[in-house]
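Trainee: Got a structure for you, written out below as structure tokens; questions coming shortly.
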Ligand code: SF4
Ligand code: SF4
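Residue numbers (our numbering): 62 to 120.
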């Protein structure tokens, strides 16, 4: 689990909305990644406007 670190606590949901497999869920500002659903396409990192998801371990 990784904290969304966008400005002023704003959560844009772009990562969640652009994940093709539903692997990301935003819960109380926390990015929750389901490793079983993640296909490592890195769409989430491409869509995050503040680069917060670069620190998520997508391996
Ligand atoms: S890398 Fe994983 S979590 Fe990110 S958009 Fe792709 S499937 Fe979803
Ligand atoms: S795309 Fe980035 S800024 Fe937007 S909710 Fe996801 S982690 Fe936060």
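From the three backbone atoms N, C-alpha and C, an ideal C-beta is built for every residue, glycine too.
Source: prediction; values computed, not measured.
Between 105, 84, 88, which has its C-alpha nearest residue 97's C-alpha?
Mentor: Position 36 of the chain shown, counting from 1, holds the residue named residue 97. Closest option to residue 97, Cα to Cα, is 84.
Trainee: How is residue 69 classed by DSSP in three states: helix, strand or coil?
Mentor: By 1-based counting over the chain shown, the position of residue 69 is 8. For residue 69, the pLDDT reaches just 49, beneath the cut-off of 50, and the residue's location in the model is therefore unreliable, leaving the point undetermined.
Trainee: To the nearest angstrom, how far is the alpha carbon of residue 88 from that of residue 101?
Mentor: Along the chain shown, read from residue 1 onward, the residue named residue 88 stands at position 27. Along the chain shown, read from residue 1 onward, the residue named residue 101 stands at position 40. The alpha-carbon atoms of residue 88 and residue 101 are separated by roughly 21 Å.
Trainee: Between which two residues does the beta strand (DSSP E) carrying residue 94 extend?
Mentor: Taking the first residue of the chain shown as position 1, residue 94 is located at position 33. 91-94 is the extent of the beta strand (DSSP E) around residue 94.
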